[in-house]
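Read through the structure below, which is laid out as structure tokens, and then see the notes.
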Amino acid sequence: MKLIFTLRHPNAVYYASFSPDGKTLASASLDNTIKLWNLATGEERATLRGHGDGVCTVVFSPDGKQLFSASLDKSLKTWNPADGALLTTMTGHQQYIECMAMSADGKMLASGGYDNVVRLWDTAARAATQNLSGHSDAIYTVAFSPDGKRLASGSNDGTLRLWDLLTGKQLTSLKGHLGAVQGVAFSPDGKQVAAGCSDKTVRLWDAASGELKATFTGHDKYVKCIAFSPDGRTLASGSMDESVRLWDVKSGAAREILNGHENAIYSIDFSKDGRRLATASFDRTIRVWEQ
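Under the working numbering, the residue at position 278 of the sequence shown is numbered 262, and the numbers go up by one with no gaps.
Have a look at this one:
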């Protein structure tokens, strides 16, 4: 992949995500702001202010008409990306929020952080609906299965847990990571779940049986984030070692290594067509790569 844009914040960038149509990128930073970028030109379109502390996650609704953010200020906010207006604020976490994810249908949010609880939210009602308890330490990452029936959560307690969202019960706890689970993602078909860990590995599990299918090694430091390509053939991982690795899911081979960041990479997102990749880093930049 080739680098096409380097976009900058005044402080570390925690997260970046593409709009559904791929025309806009939203980025979340420790400068307490969200920025919207025009991906035709690489120019900043807007800066959204309202959070009282660093913003750790930002995601678009499936129709692209709403933007949801989570912050170290313990709140989740809803924005109108068209005009930058703040629509609602949701609270409930007792400590810093570290992660947030949206279900594929846009009806649910999940958030986790330093109160060791996953909270589920109804996006229409703008209200918390359920708490998932079981982790014994901070929750660093959450991801919905494509069908929205399960949730994966990774924690500083070293476990990857799968939850049944119909019952709120834990399905399984996948152990074997030698450190904190930093990033998690379901494959597009929902059959596999991948986790990046502070033990420098990426592990691939069978989502139904909990069987460990593969371990990808090559990073020199913590793996902070992972993402599957839309076709499910590629798994991207970002690390504290400042590199992005693109893995062939079938063979486990690293097909490509993307260098250029000068600090830890905290998030990775593929565009819906799979042609572009956005990487957000504590070097205060977002890099946009293209096939």
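Note that the Cβ used here is the ideal one computed from N, Cα and C, for glycine as well.
Determine whether the beta carbon atoms of residue i and residue j lie at a separation below 8 Å.
{"i": "TYR276", "j": "ASN100", "result": "An answer regarding residue 276 cannot be provided, because it is not within the stretch -15 to 275 covered by the chain."}
{"i": "GLU274", "j": "ARG259", "result": "yes"}
{"i": "LEU219", "j": "TRP231", "result": "yes"}
{"i": "LEU146", "j": "ALA136", "result": "yes"}
{"i": "MET84", "j": "LEU60", "result": "yes"}
{"i": "TYR(-1)", "j": "SER251", "result": "yes"}
{"i": "GLY34", "j": "SER3", "result": "no"}
{"i": "GLY160", "j": "ARG187", "result": "yes"}
Excluding the 5 residues flanking residue i on each side, which residues of the same chain have their C-beta closer than 6 Å to its C-beta?
{"i": "ALA30", "result": "LEU20 and GLY68"}
{"i": "SER45", "result": "GLY90"}
{"i": "LEU32", "result": "ILE18, TRP63 and GLY68"}
{"i": "LEU158", "result": "LEU144, TRP189 and GLY194"}
{"i": "ARG103", "result": "GLY76, SER95, ALA112 and ASN115"}
{"i": "ALA54", "result": "CYS40, THR41, LEU60, ILE81, MET84 and SER95"}
{"i": "THR8", "result": "LEU20"}
{"i": "THR156", "result": "LEU146 and GLY194"}
{"i": "LYS205", "result": "SER223, MET224 and ASP225"}
{"i": "THR185", "result": "THR199 and THR201"}
Count the other C-beta atoms from every protein chain shown that fall within 10 angstroms of the C-beta of residue i, then say buried if there are 16 or more, exposed otherwise.
{"i": "LYS256", "result": "exposed"}
{"i": "LYS58", "result": "buried"}
{"i": "GLY36", "result": "exposed"}
{"i": "GLN78", "result": "exposed"}
{"i": "LEU23", "result": "buried"}
{"i": "SER213", "result": "buried"}
{"i": "SER1", "result": "buried"}
{"i": "LEU196", "result": "exposed"}
{"i": "ASP215", "result": "exposed"}
{"i": "SER223", "result": "buried"}
{"i": "ALA108", "result": "exposed"}
{"i": "TYR10", "result": "The sequence shown places Ala at residue 10, rather than the Tyr named in the question. Per the 10 Å Cβ criterion, buried."}
{"i": "ALA66", "result": "exposed"}
{"i": "ASP5", "result": "exposed"}
{"i": "ASP253", "result": "buried"}
In the DSSP assignment, find the unbroken beta strand (DSSP E) run with residue i in it and report its ends.
{"i": "MET86", "result": "81 to 86"}
{"i": "PHE254", "result": "249 to 254"}
{"i": "LYS7", "result": "LYS7 -> no beta strand (DSSP E), and no H or E assigned at all."}
{"i": "THR263", "result": "260 to 265"}
{"i": "SER59", "result": "59 to 64"}
{"i": "LYS49", "result": "Looking at the DSSP string, LYS49 is not in any beta strand (DSSP E), and its letter there is neither H nor E."}
{"i": "GLU240", "result": "238 to 242"}
{"i": "ARG110", "result": "It is not in any beta strand (DSSP E) - ARG110 carries neither H nor E in the DSSP assignment."}
{"i": "GLU28", "result": "28 to 33"}
{"i": "LEU291", "result": "Because the chain here runs from -15 to 275, residue 291 falls outside it and cannot be looked at."}
{"i": "TYR98", "result": "Element bounds for TYR98: n/a, residue is neither H nor E."}
{"i": "MET74", "result": "69 to 75"}
{"i": "VAL207", "result": "207 to 212"}
Counting only the same chain and skipping the five closest in sequence on each side, list residues whose C-beta sits under 7 Å from that of residue i.
{"i": "GLY244", "result": "LEU(-13) and ARG271"}
{"i": "GLY26", "result": "PHE(-11) and LEU(-9)"}
{"i": "ASN247", "result": "GLU226, SER265, PHE266 and ASP267"}
{"i": "ASP121", "result": "ASN100, SER139, ASN140 and ASP141"}
{"i": "THR73", "result": "SER59 and LYS61"}
{"i": "GLY202", "result": "ARG229 and ALA238"}
{"i": "GLY118", "result": "ARG145 and GLN154"}
{"i": "GLY276", "result": "Nothing about residue 276 can be read from this structure; the chain reaches only from -15 to 275."}
{"i": "TYR98", "result": "GLN79, TYR80, GLU82 and ALA122"}
{"i": "GLU28", "result": "LYS19 and TRP21"}
Hey, residue i and residue j are a contact pair by Cβ (cut 8 Å); roughly how many whole angstroms apart?
{"i": "LEU162", "j": "ASP183", "result": "4 Å"}
{"i": "LEU56", "j": "TRP63", "result": "Wrong, their Cβ atoms sit about 17 Å apart, outside the cutoff."}
{"i": "VAL314", "j": "ARG268", "result": "This structure cannot speak to residue 314, because the chain is shown only from -15 to 275."}
{"i": "SER265", "j": "ILE249", "result": "5 Å"}
{"i": "VAL228", "j": "THR263", "result": "6 Å"}
{"i": "PHE170", "j": "SER221", "result": "With 8 Å as the limit, PHE170 and SER221 do not qualify as a contact, their Cβ atoms being about 15 Å apart."}
{"i": "LYS208", "j": "GLN166", "result": "5 Å"}
{"i": "LEU261", "j": "MET92", "result": "Between MET92 and LEU261 the Cβ distance is about 26 Å, and since that is not below 8 Å, they are no contact."}
{"i": "ALA191", "j": "LYS175", "result": "6 Å"}
Excluding the 5 residues flanking residue i on each side, which residues of the same chain have their C-beta closer than 8 Å to its C-beta?
{"i": "PRO(-6)", "result": "SER13, ASP15 and ARG268"}
{"i": "VAL168", "result": "THR125, VAL126, ALA127, ALA136, SER137, GLY138, LEU144, VAL177, ALA178, ALA179, GLY180 and ILE210"}
{"i": "ASP173", "result": "PRO130 and GLY216"}
{"i": "ALA88", "result": "PRO46, PHE128, PRO130, ASP131 and GLY132"}
{"i": "ARG110", "result": "THR62, THR72 and MET74"}
Can you determine whether any heavy atom of the ligand GDP sits closer than 7 Å to the C-beta of residue i, and answer yes or no?
{"i": "ASP131", "result": "As presented, the structure is devoid of all ligands, the ligand GDP included, so that no description of it is given."}
If we cut at 8 Å on Cβ distances, does residue i have a partner in chain C?
{"i": "ILE81", "result": "Absent from the structure is chain C; it holds one protein chain and no more."}
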